[in-house]
Amino acid sequence: GAKAERTGLSVLDLVKHAAMAIIEILDEKDRLGVVVSSTESKAVQDLTVMTEENKDAARARIRDVSVEGCTDLWRGILDGIRMRQPELYSPSVTSVVVLTDGITNHMNVPQGVIPKLQDMPCPPSTMFTFTFDYDCDSCLLESIAELCGGIYAFTPDAGMVGTVFIRAVANVQSTFARDPSLPPEDMPPLKFEEMTGGIVARVTAPSYGMQSELRINLRNLQYGQSRGMFLSISGAPSDIKDEKLTVVGILTCIHVDEPQGPKLTTACSLQSRCDPSRAGINLPDAYVACHEFRPRICQCLSYILAVPGSGVHVLFGKRKLCGFQDELKKLVASPPANKPHDNPSNISLLKDLVGEEPQGQVFLALGSDEYMATWGRHCLPAFLGANGLQQCNSFKYLGPLQYGAASPLFVTCRDRLNSAFDNLPVSEPSPTTQPRKARLSSTSYALDSSSSPPTHRRVISMSRYSRADGPCFAGSTPVELASGQSVAVRKLRRGTKVRTPVGPRKVAAVVKTHVSGQIICRIGGRNESRCILVTPWHPISADGGKTFAFPATRDDAHPVMYTGPVYSVLLQRDTNASAHAIRIGSASTAMWGVTLGHGLVTGPDVRAHTFLGDYNRVGKALIALGPRRRGFFCSGGVVRDRATGRISGFKRAGGEGEPAAFKGTNSFYFYKCRFRKTRSIGREHGTRI
Numbered sequence: 001g002a003k004a005e006r007t008g009l010s011v012l013d014l015v016k017h018a019a020m021a022i023i024e025i026l027d028e029k030d031r032l033g034v035v036v037s038s039t040e041s042k043a044v045q046d047l048t049v050m051t052e053e054n055k056d057a058a059r060a061r062i063r064d065v066s067v068e069g070c071t072d073l074w075r076g077i078l079d080g081i082r083m084r085q086p087e088l089y090s091p092s093v094t095s096v097v098v099l100t101d102g103i104t105n106h107m108n109v110p111q112g113v114i115p116k117l118q119d120m121p122c123p124p125s126t127m128f129t130f131t132f133d134y135d136c137d138s139c140l141l142e143s144i145a146e147l148c149g150g151i152y153a154f155t156p157d158a159g160m161v162g163t164v165f166i167r168a169v170a171n172v173q174s175t176f177a178r179d180p181s182l183p184p185e186d187m188p189p190l191k192f193e194e195m196t197g198g199i200v201a202r203v204t205a206p207s208y209g210m211q212s213e214l215r216i217n218l219r220n221l222q223y224g225q226s227r228g229m230f231l232s233i234s235g236a237p238s239d240i241k242d243e244k245l246t247v248v249g250i251l252t253c254i255h256v257d258e259p260q261g262p263k264l265t266t267a268c269s270l271q272s273r274c275d276p277s278r279a280g281i282n283l284p285d286a287y288v289a290c291h292e293f294r295p296r297i298c299q300c301l302s303y304i305l306a307v308p309g310s311g312v313h314v315l316f317g318k319r320k321l322c323g324f325q326d327e328l329k330k331l332v333a334s335p336p337a338n339k340p341h342d343n344p345s346n347i348s349l350l351k352d353l354v355g356e357e358p359q360g361q362v363f364l365a366l367g368s369d370e371y372m373a374t375w376g377r378h379c380l381p382a383f384l385g386a387n388g389l390q391q392c393n394s395f396k397y398l399g400p401l402q403y404g405a406a407s408p409l410f411v412t413c414r415d416r417l418n419s420a421f422d423n424l425p426v427s428e429p430s431p432t433t434q435p436r437k438a439r440l441s442s443t444s445y446a447l448d449s450s451s452s453p454p455t456h457r458r459v460i461s462m463s464r465y466s467r468a469d470g471p472c473f474a475g476s477t478p479v480e481l482a483s484g485q486s487v488a489v490r491k492l493r494r495g496t497k498v499r500t501p502v503g504p505r506k507v508a509a510v511v512k513t514h515v516s517g518q519i520i521c522r523i524g525g526r527n528e529s530r531c532i533l534v535t536p537w538h539p540i541s542a543d544g545g546k547t548f549a550f551p552a553t554r555d556d557a558h559p560v561m562y563t564g565p566v567y568s569v570l571l572q573r574d575t576n577a578s579a580h581a582i583r584i585g586s587a588s589t590a591m592w593g594v595t596l597g598h599g600l601v602t603g604p605d606v607r608a609h610t611f612l613g614d615y616n617r618v619g620k621a622l623i624a625l626g627p628r629r630r631g632f633f634c635s636g637g638v639v640r641d642r643a644t645g646r647i648s649g650f651k652r653a654g655g656e657g658e659p660a661a662f663k664g665t666n667s668f669y670f671y672k673c674r675f676r677k678t679r680s681i682g683r684e685h686g687t688r689i
């Protein structure tokens, strides 16, 4: 067969793709400066108004960036801060965006990055940190973002770039006030504690007493986005009842349109329960429960990501992580998590913690050393930061999706940026370079006199971050039959002839799985009978089946919350991988969606999967699901391999979650397609396997 198509992207490719994404969503009202940091830091572009001409120039400068082997994180941050110093008192929101592999291997700061930032008299109001490598120091990058009121995100593939940067820029564009603080006035002799655990902050620990104050740092404020604070209060006089305890504070902040003008001030009440005579408002129980539950989650995660004297989050070792799953169970089982509220925020937070797969990522990460070592140690800091700051950072988690959802300005900015991002070309892999010799010391690269700096050409495949619950379509997704007519995918049955890239093929089986509150991608408008509704990591093709990519990487794929049945399809056996795809969507949005058992089990192709690509294994697992009629099977979800986290089988509907494996005779028939237990068939389908 033909040689395998190389679809992997290097770390530098992803950084460039991210930079191009930022440029794409800027306009004449924005300015952009670019700093590149390697063995030395240099500004390749000063702050420049983003006209179309200047955007083209910025793109050209970024394309010229090449691998130099070293990363001086602190110098790059420092030059970025210096670049925005003249804009400190301008009527604008200035942010520093750090795009890095997260590995400082040159000129480490002896004091550490966090202490240096804390010592600065005027740090940036907002700093975003984004990393693109599994070997990065996520705890350091999350600590930097926390300290500077920004968001950290882990983006190991091009599919995550759009959702992360669109939401980051939308939050910046909807900001109306900087440096807000909330010092309570007329404070009784009480002890307050902010229930967010070990959050990196610039303020020192507060003292308590009649003449002291607690200053709460709220970071930046956005239009239409509320901030909920949960404080633990102790030391109240015995004659003050809990329901009557109210502390009034003064919120002060700097309006972005008048940075040198007077600070905005407004009265705000901090209450344990509503006191209408003081506040004039009545907080719903669901709202109170949500903002009591959210900081408890942050507090629990902060124990895992402790902040020692260095001021940087540090992940506990394996032994100390063992008990955190039990702590998480106790948190979920205790008030306010167990209160029967139907508030979407409460439900989404619970699903992120302990929901059925593909939700419940926090619980999964804590329960497996393998998961924690690969993706958990990167995703948990991002999850903590989004909930601690109460800002949406991507569509990966359901909880953070609630932040900003009620803000018309944030939604408008997000949708406008989505439209602008649609014009961004697909990122292309850079030419492969040969590894160069180098020795790595404990703190930096020590180069041989005869060698050049080592490249950071580690290839990252997008399939590596696949966490979906299997390749599925919503039942209404149109599928084209061999006759040219279209029917909903839920109407397919064994024997139905469908169109594939290589001609008509018969359906061998259909698998139905019910999901609840799962995020899927909508492509092609809002008409349910015409659009494509597909899980984010189900490979699809828009070029006639030549290349496949994940829906999450498409700019026209809009995430939606979906509850209902989803369907997977198995076609008749064929040695050609191209014969395992169906034409989905309407005439204007038609593309190909991969089906089960396509034959690609290894390799860089995004379709490659050891279980979903193996026709024999899929067939055996389906037979084990139980009785079926006309090739129609019902599944209760998927089973994942504990070591790799990848799908390894199907759950029986209503069962205990045991993998559906083949049981019975040595061979069986499945729509005239024989699966043999003792014979493994290996082939090449245009890609090495």
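Numbered according to the numbering used here, the sequence shown spans residues 1 to 689. The C-beta atom is built at its ideal place from N, Cα and C for all residues, glycine as well. Since this is a predicted model, take the numbers as computed values, not measurements.
Note down the Cα distance separating residue i from residue j, rounded to an integer number of angstroms.
{"i": "G664", "j": "R617", "result": "With a pLDDT of 30 at G664, under the threshold of 50, the predicted position of this residue should be treated as unreliable, though the coordinate-derived value follows. Cα to Cα, the separation comes out at about 14 Å."}
{"i": "Y397", "j": "T589", "result": "27 Å"}
{"i": "Q222", "j": "V97", "result": "18 Å"}
{"i": "L364", "j": "Y371", "result": "7 Å"}
{"i": "T477", "j": "D64", "result": "43 Å"}
{"i": "L571", "j": "I520", "result": "23 Å"}
{"i": "S41", "j": "T131", "result": "18 Å"}
{"i": "N220", "j": "F230", "result": "18 Å"}
{"i": "T175", "j": "T412", "result": "13 Å"}
{"i": "L141", "j": "V109", "result": "15 Å"}
{"i": "Q111", "j": "M591", "result": "54 Å"}
{"i": "A18", "j": "V511", "result": "37 Å"}
{"i": "V161", "j": "T155", "result": "6 Å"}
{"i": "T563", "j": "H291", "result": "26 Å"}
{"i": "D72", "j": "S37", "result": "6 Å"}
{"i": "H558", "j": "A577", "result": "28 Å"}
{"i": "L625", "j": "K506", "result": "21 Å"}
{"i": "Q402", "j": "P344", "result": "8 Å"}
Short check: CB of residue i to CB of residue j, under 8 Å?
{"i": "F550", "j": "V638", "result": "no"}
{"i": "I114", "j": "S143", "result": "yes"}
{"i": "G593", "j": "G613", "result": "no"}
{"i": "I532", "j": "I584", "result": "yes"}
{"i": "G376", "j": "C298", "result": "no"}
{"i": "R499", "j": "V560", "result": "no"}
{"i": "R646", "j": "T602", "result": "no"}
{"i": "T380", "j": "L492", "result": "As written in the sequence, residue 380 is Leu, which differs from the Thr given in the question. No. Outside cutoff."}
{"i": "V332", "j": "V362", "result": "no"}
{"i": "G228", "j": "A406", "result": "no"}
{"i": "T513", "j": "V566", "result": "yes"}
{"i": "H378", "j": "C148", "result": "no"}
{"i": "R494", "j": "A509", "result": "yes"}
{"i": "M127", "j": "G150", "result": "yes"}
{"i": "A579", "j": "V479", "result": "no"}
{"i": "V15", "j": "G76", "result": "no"}
{"i": "C139", "j": "L305", "result": "yes"}
{"i": "A43", "j": "D79", "result": "yes"}
{"i": "V169", "j": "L417", "result": "yes"}
{"i": "A621", "j": "F650", "result": "yes"}
So, is the C-beta of residue i closer than 8 Å to a C-beta in chain B?
{"i": "D543", "result": "The structure shown contains no chain B, having only a single protein chain."}
Since residue i contacts residue j with CB under 8 Å, what's their CB separation in whole angstroms?
{"i": "E24", "j": "M50", "result": "The Cβ separation is near 10 Å, so there is no contact."}
{"i": "C253", "j": "A145", "result": "Not really, about 20 Å apart at Cβ, beyond 8 Å."}
{"i": "F548", "j": "P539", "result": "4 Å"}
{"i": "V534", "j": "F473", "result": "5 Å"}
Apart from the five residues just before and just after residue i, which ones in its own chain have a Cβ nearer than 7 Å to its Cβ?
{"i": "E327", "result": "C300"}
{"i": "A153", "result": "F130, V164, A382, N393 and S394"}
{"i": "P408", "result": "G224"}
{"i": "S486", "result": "P478, V479 and E480"}
{"i": "R59", "result": "M20 and I23"}
{"i": "G525", "result": "C531"}
Which residues in the same chain as residue i place their Cβ atom closer than 6 Å to its Cβ, once the five residues preceding and following it in sequence are excluded?
{"i": "D46", "result": "G33"}
{"i": "E658", "result": "A caution first: E658 carries a pLDDT of 38, below 50, which makes its placement in the model unreliable, though a value can still be read off. Closer than 6 Å at the Cβ level, and outside the excluded window around E658, lies no residue."}
{"i": "A386", "result": "N393 and P400"}
{"i": "F324", "result": "I304 and L366"}
Flag residue i as yes when its Cβ comes closer than 7 Å to any non-hydrogen atom of the ligand MN, and as no otherwise.
{"i": "K620", "result": "The model depicted lacks the ligand MN and carries no ligand whatsoever."}
Output needed for residue i: all residues of its chain with C-beta closer than 8 Å, excluding positions within five of it in sequence on either side, in chain order.
{"i": "A488", "result": "G475, S476, T477, P478, V479 and S529"}
{"i": "P504", "result": "A482, K497 and V498"}
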